[in-house]
Amino acid sequence: MDKFSTHTGVAVPLRRSNVDTDQIIPAVYLKRVTRTGFEDGLFAAWRNDENFVLNQPGYTSGSILVAGPDFGTGSSREHAVWALQNYGFKVVIGSRFGDIFRGNSGKAGLVVASVPQEVVEKLWEIAESEPGIEFTVDLHHCTVEAADNVFEFTIDDYTRQRLLEGLDDIAVTLQHADAITAFEVTRPSFLPRTLPARTAG
Amino acid sequence: MGKTLSDKVWDNHVVRTAAGEPDLLYIDLHLVHEVTSPQAFDGLRLAGRPVRRTDLTLATEDHNTPTINILAPIADPVSRVQVDTLRGNAAEFGVRIHSLGDVDQGVVHIIGPQLGLSQPGLTVVCGDSHTSTHGAFGALAFGIGTSEVEHVLATQTLTQARPKTMAVNVNGDLPHGVTAKDIVLTLIAEVGTGGGQGYIVEYRGSTIENLSMEGRMTICNMSIEWGAKAGMMAPDETTFAYLKGRPHAPDGAGWDEAVAYWKTLYSDPDAVFDAEVDIDATELAPFVTWGTNPGQGVPLSATVPAPEDFTDPVDRSAAERALTYMDLSAGTPMREIKVDTIFLGSCTNGRIEDLRLAASVIAGHKVADGVRMLVVPGSARVRLQAMAEGLDKVFTEAGAEWREAGCSMCLGMNPDQLAPGERSASTSNRNFEGRQGKGGRTHLVSPPVAAATAIRGTLSSPADL
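So this is what it looks like as structure tokens:
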């Protein structure tokens, strides 16, 4: 995972609540076996609508999404994160997020910045008053800078640290392989195993 | 202070804890399917890592598989590659797999319980948000993304921050014709799609205790639809009776040892939840959705709400957009809404009890003219069981299509989709825009409502027949 420090890019106001992961990328686009190429499926149902924000002049090259409440609810598909990243998004700002989407973002390197809904409203107004305006997101200080305003955002410290350092989660966990092995020794023998396979009659 | 059920299970799985860091939790059972795993196996290959515990891992094909001609090569080449990729990965890494045509194949959340692998007190994960289903057994079960799938494959652990706890107390006898699905749809309409965010939820109370395992699974399944991390229920005699004799349930002395442990899995009387919600089951009625998220629902006897009925501006604009998408006018009685398609199936309502209930309603009737009904059993074994009971005949004689097992139209990834503008009554879990096919419109319903709707062609309950 690449290290994230600060990012400056075009802010895209997405004035919708409850944008679930099916809307971020519908199931029919989930058939690829790679982590790339999902940008075509991003917001697929809306991409042909000329009024959709990503089709508006100024927003097409967006990299900071300012989303409505309950963004990324629903399905666990990490493809939703990849689709946003494949399109070019580095940051999603919003007031409430689906838990799994937030977790997936942290793992995949997409910054999910939480702000109160009033701040979302202000960021929407700023982004709409000047389409194409760039915001700056600073992960060291947890701030969003938008047209001379500076807003603070929250992100859990652990995820923030990992994003700043670009750590490989699995490698970090495997440093504790001894603890895992020690735990395994204590597991009761009645716990189920999938192997050898058993079947009903 | 006593512990909650979820705290007990959590504490039993902490491999490592450190100040300022999430806990490292051990995972007892990892279920894998074709859509969210290929990139995870790729990651293992790139790093030269094996699957740490193949004996705690099980794969099946369900999301992207056809429900007709399942033994023929999959027609869509991209889908075929995805399914073949899972088969290849399972062979390469030594993971047990139940492929199309195998008697143990089926929707991942149906086959775990069916094989007796989903047991009280376990941690269960899968790259699928409806993993919460397994919480019906008193397991801590939740959905994860592909990066976490890779993490579990490589380490058999996950780093997790401990969520808060919530009790949903459901008490009283359910009125006739009201099912577990109606309980959970009513709950989501009351608390909203974000109401459970940050919580592990425990469903408890006399109504829950009186439900079958199938009904309990329906409720836990939809925990994610109101944002909860997981949904759980304390195991009891109903749970033990369901598990006894299943292929992977413990036996002999192991059974007694397991039951002794399972009986400790309940929230202590003095345990304190961070939040509680109460539901009076005696006041519940058949419940259906009118909008584009599972929280936008009303009793079947009600009318389509107006945006002005919502005081919260976010809810109001969501209602406006939903009514436009659903092509519904405020004030229309729900019972007058005509549908084109009935979908009976999914990890929410694709178990044998669901098929029996729907069949009992539809027996002797015909599916209304111009309506198609798809019956998709949740697993190959559910399908065989239903056929042994003659349920397939009941459905086909009524004019329904009897399909092979899989996720099917629940998520519209395989060819089973709604056409633009088509409207379904669906026993699945999500009525999101385009969920069942681009431009498709979904009303979430219980199995008896699905069957009655098939007969009348408009949203109906068995009482309307």
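Order-wise, the sequence lines are chains A and B. FYI, my numbering numbers position 111 of the first sequence as 649, with every residue one higher than the one before it. FYI, my numbering numbers position 146 of the second sequence as 177, with every residue one higher than the one before it. Using N, Cα and C, we set each Cβ at its ideal position, and we do this for glycine too. Since this is a predicted model, take the numbers as computed values, not measurements.
Partner residues on chain B for residue i, Cβ-Cβ distance less than 7 Å
i: residue 565 (chain A); result: 442, 443 and 444
i: residue 728 (chain A); result: 281, 285, 288 and 289
i: residue 562 (chain A); result: Neighbours of residue 562 (chain A) on chain B: none; closest Cβ ~10 Å, over 7 Å.
i: residue 615 (chain A); result: 67
i: residue 568 (chain A); result: 66 and 444
i: residue 693 (chain A); result: Here the premise fails: no neighbours, minimum Cβ distance about 13 Å.
i: residue 658 (chain A); result: The contacting residues do not exist; residue 658 (chain A) stays about 10 Å from chain B at best.
The beta strand (DSSP E) enclosing residue i, as first and last residue numbers
i: residue 676 (chain A); result: 672 to 676
i: residue 311 (chain B); result: 306 to 311
i: residue 691 (chain A); result: Premise fails: residue 691 (chain A) is in no beta strand (DSSP E) and is neither H nor E.
i: residue 129 (chain B); result: 127 to 129
i: residue 54 (chain B); result: 54 to 57
i: residue 231 (chain B); result: 230 to 235
i: residue 474 (chain B); result: 472 to 475
i: residue 341 (chain B); result: Segment: none, residue 341 (chain B) is in no beta strand (DSSP E) and carries neither H nor E.
i: residue 426 (chain B); result: Careful: residue 426 (chain B) lies outside any beta strand (DSSP E), inside the alpha helix (DSSP H) at 422 to 429.
i: residue 173 (chain B); result: 171 to 174
i: residue 328 (chain B); result: 328 to 330
For residue i, the nearest candidate out of the options (CA to CA)
i: residue 209 (chain B); options: B:374, B:300, B:321 and B:314; result: B:314
i: residue 552 (chain A); options: A:703, A:708, A:724 and A:659; result: A:659
i: residue 644 (chain A); options: A:684, A:546 and A:618; result: A:618
i: residue 97 (chain B); options: B:368, B:465 and B:438; result: B:438
i: residue 372 (chain B); options: B:451, B:231 and B:163; result: B:451
i: residue 243 (chain B); options: B:153, B:180 and B:269; result: B:269
i: residue 486 (chain B); options: B:470, B:426, B:469 and B:443; result: B:426
i: residue 453 (chain B); options: B:330, B:468 and B:126; result: B:468
i: residue 403 (chain B); options: B:429, B:39 and B:388; result: B:429
i: residue 78 (chain B); options: A:721, A:723, A:708 and A:726; result: A:708
i: residue 306 (chain B); options: B:350, B:222, B:62 and B:490; result: B:222
i: residue 266 (chain B); options: B:45, B:170, B:148 and B:391; result: B:170
i: residue 321 (chain B); options: B:461, B:144, B:58 and B:34; result: B:461
Contact with chain C by residue i, beta-carbon distance below 8 Å
i: residue 87 (chain B); result: This model lacks chain C altogether, as its protein chains are A and B.
Contacting residues, own chain, Cβ-Cβ under 6 Å from residue i (five flanking each side not counted)
i: residue 414 (chain B); result: 408 and 436
i: residue 248 (chain B); result: 164 and 167
i: residue 500 (chain B); result: Coverage of chain B is limited to positions 32 through 496, which leaves residue 500 (chain B) absent and any answer about it impossible.
i: residue 70 (chain B); result: 177
Segment limits, alpha helix (DSSP H) that includes residue i
i: residue 212 (chain B); result: 211 to 222
i: residue 545 (chain A); result: Counting along the chain, residue 545 (chain A) falls outside any alpha helix (DSSP H), though it belongs to the beta strand (DSSP E) covering 544 to 551.
i: residue 378 (chain B); result: 377 to 380
i: residue 479 (chain B); result: 478 to 487
i: residue 251 (chain B); result: 244 to 252
i: residue 263 (chain B); result: It is not in any alpha helix (DSSP H) - residue 263 (chain B) instead sits in the beta strand (DSSP E) that spans 261 to 263.
i: residue 631 (chain A); result: Unbroken run through residue 631 (chain A) is the beta strand (DSSP E), 629 to 632; no alpha helix (DSSP H).
i: residue 724 (chain A); result: Taken as a continuous stretch (DSSP letters only), residue 724 (chain A) belongs to no alpha helix (DSSP H), as it is neither H nor E.
i: residue 504 (chain B); result: What the structure shows of chain B is the stretch from 32 to 496, and residue 504 (chain B) is not part of that stretch, so it cannot be assessed.
i: residue 667 (chain A); result: 655 to 667
i: residue 195 (chain B); result: No alpha helix (DSSP H) contains residue 195 (chain B), which is instead part of the beta strand (DSSP E) from 195 to 202.
Contact list for residue i against chain B, beta-carbon separation under 8 Å
i: residue 607 (chain A); result: 225 and 345
i: residue 731 (chain A); result: 86, 87 and 279
i: residue 571 (chain A); result: 69, 70, 73, 112, 113 and 116
i: residue 652 (chain A); result: Residues of chain B passing the Cβ test: none, with the nearest at roughly 11 Å.
Chain-order list of residues whose beta-carbon lies under 7 Å from that of residue i (same chain, five-residue window excluded)
i: residue 141 (chain B); result: 378, 381, 382, 409, 410 and 413
i: residue 446 (chain B); result: 97
i: residue 94 (chain B); result: 64, 65, 66, 438, 442 and 444
i: residue 297 (chain B); result: 36 and 265
i: residue 657 (chain A); result: 689
i: residue 614 (chain A); result: 638
i: residue 463 (chain B); result: 323 and 324
Interface partners of residue i on chain A, CB under 8 Å
i: residue 64 (chain B); result: None at all; the shortest Cβ gap to chain A is about 11 Å.
Listed by chain order, chain A residues near residue i by CB distance under 9 Å
i: residue 57 (chain B); result: 718, 721, 722 and 725
Where residue i meets chain A, residues with beta-carbon distance less than 7 Å
i: residue 92 (chain B); result: Those do not exist, as residue 92 (chain B) stays about 13 Å from chain A at its closest Cβ, beyond 7 Å.
i: residue 187 (chain B); result: 718
Where residue i meets chain B, residues with beta-carbon distance less than 9 Å
i: residue 578 (chain A); result: Residues of chain B passing the Cβ test: none, with the nearest at roughly 13 Å.
i: residue 597 (chain A); result: Result: empty, since nearest Cβ-Cβ is about 20 Å, beyond 9 Å.
Beta-carbon proximity list for residue i, same chain, < 8 Å, skipping 5 on both sides
i: residue 398 (chain B); result: 373, 404, 429, 430, 431, 485 and 486
i: residue 82 (chain B); result: 75, 88, 124, 125, 126, 184 and 185
i: residue 574 (chain A); result: 620 and 624
### Task
Taking only beta carbons into account, state which residues of the stretch 702 to 720 of chain A come closer than 9 Å to chain B, listed in chain order.
706, 707, 708, 709, 710, 711, 712, 714, 715, 717, 718 and 720
### Message
Under 9 Å, CB to CB, which of the residues in the stretch 625 to 636 of chain A have a partner in chain B?
### Response
634, 635 and 636
#### Entry: Interface positions of the stretch 463 to 479 of chain B facing chain A (Cβ-Cβ less than 9 Å), listed along the chain
463, 464, 465, 466, 468, 469 and 470
### Message
Any C-beta of chain A within less than 7 Å: which residues of the stretch 304 to 319 of chain B qualify?
### Response
none
### Residues within the stretch 165 to 181 of chain B neighbouring chain A, beta-carbon criterion of under 9 Å
173, 174, 175, 176, 177, 178, 179, 180 and 181
### Query
When you check each C-beta in the stretch 392 to 409 of chain B against every C-beta of chain A, which residues fall closer than 9 Å?
none
### Query
Taking any Cβ of chain A, which residues in the stretch 96 to 114 of chain B have a Cβ under 9 Å from it, in chain order?
107, 109, 110, 112 and 113
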